[in-house]
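Asker: In my numbering, the protein residues as written are 26 to 354.
Even for Gly, the Cβ is constructed at its ideal location relative to N, Cα and C.
This structure is a prediction, so every number in the text was calculated from the model and none was measured.
1) Tell me the start and end of each unbroken alpha helix (DSSP H) in the stretch 236-286 that is at least 4 residues and wholly inside, in chain order.
2) With a threshold of 16 other CB atoms inside 10 Å of the CB of residue 317, please say whether the residue is buried or exposed.
3) Just list the residues that DSSP pairs residue 224 with in beta bridges.
4) Considering only the alpha carbon of each residue, which of 188, 80, 237, 277 lies closest to residue 207?
5) Are at least three pairs of beta-carbons, each pair with one atom in the stretch 336-351 and one in the stretch 284-291, less than 8 Å apart?
6) What residue does the alpha helix (DSSP H) around residue 303 start on, and which one ends it?
7) Residue range of the beta strand (DSSP E) that residue 34 falls in?
8) Report buried or exposed for residue 186, applying the criterion of at least 16 other Cβ atoms within 10 angstroms of its Cβ.
9) Going by C-alpha to C-alpha distance, which of 55, 73, 53, 312 sits closest to residue 355?
10) With a threshold of 7 Å on Cβ separation, who are the neighbours of residue 45 within its own chain once the five nearest residues in sequence on each side are excluded?
11) For the stretch 53-136, list the beta strand (DSSP E) runs that are entirely contained and at least 3 residues long, ordered along the chain.
12) What did DSSP end up calling residue 351 once you bin it into helix, strand or coil?
13) What are the boundary residues of the beta strand (DSSP E) that residue 178 is part of?
14) Between the C-alpha atoms of residue 315 and residue 301, what's the straight-line distance to the nearest angstrom?
15) Tell me the rounded alpha-carbon separation between residue 92 and residue 278.
16) Identify the residues that DSSP records as bridge partners of residue 328: which are they?
17) What residue range does the alpha helix (DSSP H) around residue 40 cover?
18) How long is the line joining the alpha carbons of residue 205 and residue 114, rounded to whole angstroms?
19) Could you give the distance in angstroms between the alpha-carbon of residue 51 and the alpha-carbon of residue 202?
20) What is the C-beta distance between residue 224 and residue 146, in whole angstroms, given that I count them as a contact (C-beta under 8 Å)?
21) Quick check: the Cα distance between residue 33 and residue 274, rounded to an integer number of angstroms?
22) Does the stretch 147-154 touch the stretch 83-97, meaning 3 or more C-beta pairs lie closer than 8 Å?
23) Would you mind working out which of 269, 118, 338, 125 sits nearest residue 292, comparing C-alpha positions?
24) Evaluate the contact criterion for the stretch 100-107 versus the stretch 82-91: three or more CB pairs, one atom per stretch, below 8 Å.
25) Pick from 190, 142, 221, 80: whose alpha carbon is nearest that of residue 169?
26) Would you kindly check if the distance between the Cβ of residue 215 and the Cβ of residue 133 is under 9 Å?
27) Use the C-beta contact count for residue 331: other C-beta atoms within 10 angstroms, 16 or more gives buried, fewer gives exposed.
28) Grab me the residues of residue 191's own chain with a C-beta within less than 6 Å of its C-beta, minus the 5 sequence neighbours each way, in chain order.
29) If you draw a straight line from the C-alpha of residue 78 to the C-alpha of residue 309, how long is it?
30) Find out if the Cβ-Cβ distance for the pair residue 184, residue 210 is shorter than 9 Å.
31) Please go through the same chain and pick out, in chain order, the residues whose beta-carbon is closer than 6 Å to the beta-carbon of residue 156, but skip the five residues on each side of it.
32) What are the start and end residues of the alpha helix (DSSP H) that includes residue 202?
33) Considering only their Cβ atoms, is the gap separating residue 108 from residue 18 smaller than 9 Å?
34) Classify residue 179 as buried or exposed, calling it buried when 16 or more other Cβ atoms lie within 10 Å of its own Cβ.
35) From this set, 129, 70, 353, which residue's C-alpha is nearest residue 181's C-alpha?
36) State yes or no: is the beta carbon of residue 109 nearer than 9 Å to at least one beta carbon in chain C?
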């Protein structure tokens, strides 16, 4: 049975077999699928076309952002007759889990105030590398009302139209920023906890994971500059945390160590306490001891990469340099 109320927008570039897997996980379940390609050279467009998928090829002379790709998909869906009431966004390296559409549709239709529902994104190969395992744990979100969603989510078309979709100027963090604008208009975002998509991060090197964290820090600071002064306190907590642990603690610990005869270095033990606190939180989410310890260590180290991203944004802003998408694959 196909679901007429849902249109699907998939964005991708050079995802190869991952894109085919994604398309096959959706075919036959909904009536309208739009694939937005951003300059693939691996035959992705041809493969999608052979499956009868509606394709939008972006003009790559204009800087690409995921937000721009998703908006292009929305625009194509609004040209359908009838226009889908809901849009499922999927990244090209993700597959929809069987049963998700039915669960999500039932929930979002149960309350007219709900703009977004999302479920659990899981890594297809979480044990392939330590980095995949870290990413898999990152996807786990508390069930219930949430501040934001990720790239995969079912969203009400009416809510998208009210906020004019995604902010195309953002190179990362476009989903939380759009959810913020939706919540300001009274809409709700819900995490269902139900399995939603299978993702293939395919992070095999430390440099890839580091760059992914750099992108995260960039998004934190850009969001803070845009909305941090509002009553929402958008991204204030994340920015304060990064600055505290990467600048304040080292400066007040190492700076006066000769004057304090080394006693100021005791403050560095704060990292141990932070590691313990994060580990305890992950254990409460039923992670194993080893995985909780890994996640806690990665969270602390990742803050230094996030600082790099924040400084990169600040530098670009100071010299008025156009920000480009930060890719880790």
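Answerer: Quick answer:
1) 261-268, 274-279
2) buried
3) 119, 148
4) 188
5) no
6) 295-309
7) 28-37
8) exposed
9) Outside the displayed range of the chain (26 to 354) lies residue 355, so it cannot be described from this structure.
10) 72
11) 55-62, 79-82, 111-116, 119-121
12) coil
13) 178-181
14) 13 Å
15) 41 Å
16) Answer is none; residue 328 lacks a bridge partner.
17) Residue 40 -> no alpha helix (DSSP H), and no H or E assigned at all.
18) 18 Å
19) 27 Å
20) 5 Å
21) 46 Å
22) no
23) 269
24) no
25) 142
26) yes
27) buried
28) 92, 95, 96, 199, 203
29) 43 Å
30) yes
31) 228, 234
32) 199-209
33) What is shown of the chain runs 26 to 354, which leaves residue 18 out entirely.
34) buried
35) 129
36) Any reference to chain C falls outside this structure, which holds one protein chain only.
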